[in-house]
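Going by this note's numbering, the letters in the sequence shown line up with residues 234 to 516, in that order. Don't be surprised by glycine CBs; every beta carbon is placed ideally from N, CA and C. Structure first, commentary second.
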Amino acid sequence: MKHISPSLLAHCASETLTLATCWRITRRDGVVRGYTDYHQPLTISNVTYEASTGFFPSTIHNSSELSVDHLEVEGILSSAGINQTDIMAGLYDGAEISIFAVNYEDLSAGTIALRHGWIGEVRFDGSMFVAEMRGLTQKLAQHIGGHYSPVCRATLGDAQCRVSMTSRTVNGFITSILSQQIFSDSSRTETAQLFTHGVITFTSGANKGISTEILSFQSPEIQLALPLPFTPMIGDAYSMTQGCDRSFTTCSIRFNNALNFRGEPHIPGTDRLLETAATRQRS
234 MKHISPSLLA
244 HCASETLTLA
254 TCWRITRRDG
264 VVRGYTDYHQ
274 PLTISNVTYE
284 ASTGFFPSTI
294 HNSSELSVDH
304 LEVEGILSSA
314 GINQTDIMAG
324 LYDGAEISIF
334 AVNYEDLSAG
344 TIALRHGWIG
354 EVRFDGSMFV
364 AEMRGLTQKL
374 AQHIGGHYSP
384 VCRATLGDAQ
394 CRVSMTSRTV
404 NGFITSILSQ
414 QIFSDSSRTE
424 TAQLFTHGVI
434 TFTSGANKGI
444 STEILSFQSP
454 EIQLALPLPF
464 TPMIGDAYSM
474 TQGCDRSFTT
484 CSIRFNNALN
494 FRGEPHIPGT
504 DRLLETAATR
514 QRS
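Okay, here's the thing in structure tokens:
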């Protein structure tokens, strides 16, 4: 049930409506941006909602069922403060978004909640971006809780793993570049694969603030799991943490952390589960 103030409800029942739609986006870095389809900016609860000349939402579909409702928002990259750099940096991934309607002639009348959710996939189409909005029912399609697995479900250094990363983090600079996915730091002399499955975070350059997984480390070469969104340059600074393949052997021998291993290394595999009396005799 939607809560609407009496004055706004009375306005909705009148013959002439002066309603505007507003979008409030809270990015991953905490920055709040507001947009409206009204031709002038609106200030609501200390947030200024800019007139979005290049912002085009699709039709909002609501249902009483538990199926996932979809909504897409299109926009021009050069408009309303949304740019390709922030999108490629992942600042809008998982950003919280609220859509509501207001009476632009009487903002004190309150709002009508239309949709609340999170930004999912963001893709580009020329000079435009298209952002998918995932509603609250999307949460019902996600797995909650842990799953039995032979590999560890924790992330190296997190609260479940408890391994200290202080001595397992290094800083450096790019000294040569092969591609947006492979580059080198001539100062790296560590053991091969020490940083494989680790995380590298850039602290300067076009990719500043971007973190990505390391696919392979072979001193002095660093290969990323995915290409960087922007071309790295020689001299770009980074911070890099060691990685873990999540196996029980690595956890117990390399990190001496078997007590905190968050997996079930001795559970039978699929082949064992599918065994019959006949196949067991043949083996």
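If we count the other Cβ atoms within 10 Å of its Cβ and call it buried at 16 or more, is residue i buried or exposed?
| i | result |
| --- | --- |
| G465 | The residue you asked about is not Gly; residue 465 is Pro in the sequence shown. P465 should be labelled buried. |
| Q475 | buried |
| F428 | buried |
| F416 | buried |
| A364 | buried |
| D418 | buried |
| I455 | buried |
| F357 | exposed |
| C245 | exposed |
| L506 | exposed |
| V264 | exposed |
| N404 | exposed |
| A243 | exposed |
| I486 | exposed |
| G502 | exposed |
| L461 | buried |
| H272 | exposed |
| A425 | exposed |
| N489 | exposed |
According to DSSP, which residues form a beta bridge with residue i?
| i | result |
| --- | --- |
| Q456 | I415 and S449 |
| C477 | Looking at the DSSP assignment, C477 forms no beta bridge with any residue, so it has no partner. |
| T280 | Before going on, a small fix: residue 280 reads as Val here, not Thr. Answer is I277. |
| N336 | L252 |
| S409 | S417 |
| I330 | I258 and G350 |
| Y268 | W256 and E283 |
Just the C-alpha distance for residue i and residue j, rounded to the nearest angstrom, thanks.
| i | j | result |
| --- | --- | --- |
| I237 | T344 | 7 Å |
| T402 | N336 | 53 Å |
| G327 | G353 | 6 Å |
| F463 | I433 | 15 Å |
| L304 | G379 | 30 Å |
| S341 | D391 | 45 Å |
| S360 | I315 | 12 Å |
| G459 | S331 | Strictly speaking, residue 459 in this sequence is Leu, with Gly absent from that position. Whole-angstrom Cα-Cα distance: 31 Å. |
| A253 | D262 | 27 Å |
| Y268 | M473 | 37 Å |
| S240 | E446 | 53 Å |
| Q393 | E283 | 43 Å |
| W256 | S397 | 41 Å |
| A510 | C484 | 35 Å |
| S247 | V306 | 29 Å |
| Q451 | K441 | 23 Å |
| P453 | D504 | 40 Å |
Please report the Cβ distance between residue i and residue j, rounded to the nearest whole angstrom; I am assuming they are in contact, meaning their Cβ atoms lie under 8 Å.
| i | j | result |
| --- | --- | --- |
| A322 | I443 | 5 Å |
| A470 | S437 | 4 Å |
| I467 | T408 | 6 Å |
| G368 | R395 | With 8 Å as the limit, G368 and R395 do not qualify as a contact, their Cβ atoms being about 36 Å apart. |
| Y325 | V355 | 6 Å |
| I320 | F362 | 6 Å |
| T259 | E329 | 4 Å |
Item to check | Touch test, the region 491–502 against the region 383–392, Cβ-Cβ under 8 Å, three pairs minimum | outcome: yes
Item to check | Three or more C-beta pairs below 8 Å linking the region 476–490 and the region 387–397 | outcome: yes
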